[in-house]
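Undergrad: Heads up: the sequence shown begins at 807 in the numbering used here, then just goes up one per residue. Just so it is clear, CB atoms sit at the ideal spot from N, CA and C, and this is done for glycine as well. Computed from a prediction, not measured in an experiment: that's the story for all the values here. Would you mind keeping the following structure in view while I ask a few things?
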Amino acid sequence: MEKCKHVTFVWVACMLSITVSLGKDYELISPNKELVLKVAVNENIQYSVRYKSRLLIEPSAMSLKLGENTILGVNAQVRQVKRREVDEKIFPPVQVKSRVIPDRFNEMSIEFEGGFGLVFRIYDDGAAYRFVTEIDKDVEVVMEEVTFNFTDDHSIYFPEEESFQSHSERDYKYLKLSEISDRMMCSLPALVDVADGPKVLITEADLEDYPGLYLRGAGSRSLYGKFPAYALEERARNDRDVPVTKRADFIAKTHGRRTFPWRVLIVAEKDGELIESEMVYKLAKPLQLKDTSWIKPGKVAWDWWNANNIYGVDFRAGINTETYKYYIDFAAKYGIEYIILDEGWYVLGDLTKVVEGMDMEELFRYAKSKSVGIIPWVIWKTLDDQLTEAMDQFEKWGAKGLKVDFMQRDDQWMVNFYDKIAKEGAKRHMLIDFHGSFKPTGLRRAYPNVITREGVRGLENCKWGDAANPEYNVTIPFIRMAAGPMDYTPGAMVNAQRRDFQPIFNRPMSLGTRCHQLAMYVVYESPLQMLADSPSNYLKEPQCMEFLAKAPTVWDQTKVLDAKVADYVLVARKSGDEWYVGAMTDWMGRELTVDFSFLEPGQHIIQIYKDGINADRYGNDYKKETAKISASDTMKIKLAPGGGWAAMIN
807 MEKCKHVTFV WVACMLSITV SLGKDYELIS PNKELVLKVA VNENIQYSVR YKSRLLIEPS
867 AMSLKLGENT ILGVNAQVRQ VKRREVDEKI FPPVQVKSRV IPDRFNEMSI EFEGGFGLVF
927 RIYDDGAAYR FVTEIDKDVE VVMEEVTFNF TDDHSIYFPE EESFQSHSER DYKYLKLSEI
987 SDRMMCSLPA LVDVADGPKV LITEADLEDY PGLYLRGAGS RSLYGKFPAY ALEERARNDR
1047 DVPVTKRADF IAKTHGRRTF PWRVLIVAEK DGELIESEMV YKLAKPLQLK DTSWIKPGKV
1107 AWDWWNANNI YGVDFRAGIN TETYKYYIDF AAKYGIEYII LDEGWYVLGD LTKVVEGMDM
1167 EELFRYAKSK SVGIIPWVIW KTLDDQLTEA MDQFEKWGAK GLKVDFMQRD DQWMVNFYDK
1227 IAKEGAKRHM LIDFHGSFKP TGLRRAYPNV ITREGVRGLE NCKWGDAANP EYNVTIPFIR
1287 MAAGPMDYTP GAMVNAQRRD FQPIFNRPMS LGTRCHQLAM YVVYESPLQM LADSPSNYLK
1347 EPQCMEFLAK APTVWDQTKV LDAKVADYVL VARKSGDEWY VGAMTDWMGR ELTVDFSFLE
1407 PGQHIIQIYK DGINADRYGN DYKKETAKIS ASDTMKIKLA PGGGWAAMIN
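Okay, structure coming up:
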């Protein structure tokens, strides 16, 4: 259960008679005094952000337009201002980065005439704001004005979207802000590379009963919010693609007494601080479950990527009971907690009709006897249509979770669907893994059974193209992963350099080296971490399986040792008494230095998996070594192009 140990809690309230005249400025300073947020209340409300005396965000307007031509934020009059300082500790039930999360921030709440307010919060690593309304009726939100006016024409990692129908798996275009027109938009997170300054990550947190935020340009140095409008009609093309065909002239219909999503800026002087940031989690709604003891992170053997290509057996491999018993046996052999039954186990369109050759009762009985959990895959629309009947069936079988796929939207209705499935899963003690999903916004804090989600261009893309390549792989830890866990689904045992790579749908391989894949189990955060390749391939690789079987999926401590966005990453993570270290590089071979000063005093045994001498020619090439080290040691490591390095320290 999530606990907050109270350390310091100070209220400072300024009761400002009835109203305050226009032209008032308010300032909020981070606990370490390096970040300053200023709010100006004039004809409109604007905020600006300064970091170490350098202005990052020039005055930028915010407002909320409701129905009946009501605009909250224009000619607003302040009623009162409240401030508080908070210094607490959060103990998350699922430890993605660390066992203890310091939650230290300063907050300013400005209440205005007209039943609304704004809450501003500032941490050492960023700032956020949100609207609050106290209106005693339902309201239509016509539009929310969200603005980021940067001081210069900086560069940005811009995951451009063609429409609001998206898996949120876009490549990051590196553009100047001025190159982004008002016809271009991106999903979040997006990362602004401030010239000779920090990185600024833009995202949102605590998204609930409201559409997701996108950004558009204006051919200038500013970015503006854009939202999918409220869905009125949709038309199913098939069981999974259900695009919206008619939208309203407003973005949300919601309760008038509520908080709205946080608009979030994470400011990182060092690139690695983006990986260490817990800001989205800290801003999210607190834990809503009384009991979380049943939530078990772990690894999962996955069937779909490898197309059920098992071999050396005396039965026909495919979607049948015998094949999945083989997966269960493999999982049990290595202590892997779960297997997934991906697409094909049910007749599409009806979750109550199991395909011929699958004996679900026997399969679940067998899995239970081997202490392996089963997580069925489902299409979101079919699940929604048959929700109670299907969920009761899964509970009766003993399913440990669901992989829910192909939502591809984040309008208000779909955002509420995520919330509904999280709650329904929690009622039945089921984990939820959202695929075809939008970015995380902190739902996992309220419902930690939402164990991971996609919204990332993962390994599956190697089945049909070269987009999941080493450069992309060392970009996402700083951008996508800053928002929350990502189900990249690593673990390929057939690895290729660029010149040798072929996208073969039923015999897939990965781009980059074997150790590039192994390092993902340290670098990438996902409390439910996939093993994507065939059990038959893993059984031929006992040295790699020694590492994969032991690698944790949750961590007590995380330290980024060295990192540069889109170039390389070097991370150390602790679980219990053991440390794991992972390094990955883009298509450039490079040498990095591991400083072991994070270790406890004394001598330690390190098991190293490193790129082989010929890994630049043959991606499968790697070497395992064992050595003795101490906290006073450093080690130079050499990474091949598209390479990696992984280590366990006892």
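1) What's the gap between the Cα of residue 1143 and the Cα of residue 855?
2) For residue 750, count the other beta carbons within 10 Å of its own beta carbon; 16 or more makes it buried, fewer makes it exposed. Which is it?
3) Smallest Cα separation from residue 1084: which of 909, 1382, 1375 and 1341?
4) Any contact between the stretch 934 to 952 and the stretch 1068 to 1077? By contact I mean 3 or more CB pairs, one from each, below 8 Å.
5) DSSP three-state call for residue 1409: helix, strand or coil?
6) In whole angstroms, what separates the C-alpha of residue 1062 from that of residue 1018?
7) Which residues in the same chain have their Cβ closer than 7 Å to the Cβ of residue 1214, if we skip the five residues on either side of it in sequence?
8) Where residue 917 and residue 878 are concerned, what is the direct C-alpha to C-alpha distance, given to the nearest angstrom?
9) Hey, how far is the Cα of residue 817 from the Cα of residue 890?
10) Mapping the DSSP letters down to three states, classify residue 1199 as helix, strand or coil.
11) Kindly provide the ranges of any alpha helix (DSSP H) runs that are 4 or more residues long and lie completely inside the stretch 1129 to 1212, ordered along the chain.
12) Determine the direct distance from the alpha carbon of residue 1290 to that of residue 1284, and round the result to whole angstroms.
13) Enumerate in chain order the residues of its own chain whose CB-to-CB distance from residue 1163 is below 6 Å, with the five nearest sequence positions on each side excluded.
14) Going residue by residue through the stretch 966 to 1054, where are the continuous beta strand (DSSP E) segments of at least 3 residues, counting only ones entirely within it?
15) So is residue 1311 buried or exposed if we call it buried at 16+ other beta carbons inside 10 Å?
16) DSSP three-state label for residue 1086, please.
17) If we count Cβ pairs, one from each stretch, closer than 8 Å, do we get three or more for the stretch 1365 to 1374 versus the stretch 1392 to 1405?
18) Rounded to a whole number of angstroms, what is the C-alpha to C-alpha distance between residue 1408 and residue 1445?
19) What first and last residue would you give for the beta strand (DSSP E) that runs through residue 911?
20) Using 8 Å as the cut-off, can you tell me whether the stretch 1191 to 1206 makes contact with the stretch 1029 to 1047, which would need three or more C-beta pairs spanning the two stretches below that distance?
21) Based on Cα-Cα distance, which residue from 927, 1037 and 1159 lies nearest to residue 888?
22) Pick out whichever of 1413, 866, 839 and 860 has its Cα sitting closest to the Cα of residue 852.
23) I need the straight-line Cα distance from residue 980 to residue 1275, nearest angstrom please.
24) Using CA atoms only, rank isn't needed, just tell me which of 1011, 1357 and 1217 is closest to residue 1051.
25) For the stretch 1429 to 1446 against the stretch 1326 to 1345, are there 3 or more C-beta pairs whose distance is under 8 Å?
26) Name the two residues that bound the continuous beta strand (DSSP E) containing residue 1272.
27) Which of the three DSSP states is assigned to residue 1442 in this structure?
28) If we count the other Cβ atoms within 10 Å of its Cβ and call it buried at 16 or more, is residue 1145 buried or exposed?
29) Can you check whether the CB of residue 1279 is closer than 7 Å to the CB of residue 1426?
30) For residue 827, does the three-state DSSP call read helix, strand or coil?
31) Suppose you measure from the CA of residue 1292 to the CA of residue 883; what does that come to, to the nearest Å?
32) Can you tell me whether DSSP reads residue 1234 as helix, strand or coil?
33) For the 8 Å Cβ check, are there 3 or more pairs between the stretch 1151 to 1160 and the stretch 1169 to 1187?
34) Flag this pair as yes or no: are the beta carbons of residue 1354 and residue 1452 separated by less than 7 Å?
35) Would you mind working out which of 1105, 1238 and 1210 sits nearest residue 1360, comparing C-alpha positions?
36) Pairs of beta-carbons, one from the stretch 1105 to 1116 and one from the stretch 1075 to 1091, closer than 8 Å: are there three or more?
TA: This is what the structure holds:
1) 46 Å
2) The requested residue 750 is not part of the displayed model; the chain covers only 807 to 1456.
3) 909
4) yes
5) strand
6) 19 Å
7) 971, 972, 973 and 1242
8) 11 Å
9) Legend: pLDDT at residue 817 = 40, less than 50; position of this residue unreliable, no value from coordinates given.
10) helix
11) 1166 to 1175, 1186 to 1191 and 1193 to 1203
12) 11 Å
13) 1126
14) 979 to 982, 996 to 999, 1005 to 1011, 1020 to 1022, 1028 to 1032, 1037 to 1040 and 1050 to 1053
15) exposed
16) helix
17) yes
18) 28 Å
19) 907 to 918
20) no
21) 927
22) 866
23) 16 Å
24) 1217
25) no
26) Here residue 1272 belongs to no beta strand (DSSP E), and DSSP marks it neither H nor E.
27) strand
28) buried
29) no
30) With a pLDDT of only 43 at residue 827, under 50, the local geometry of the prediction cannot be trusted, and no value is derived from it.
31) 43 Å
32) coil
33) yes
34) no
35) 1105
36) no
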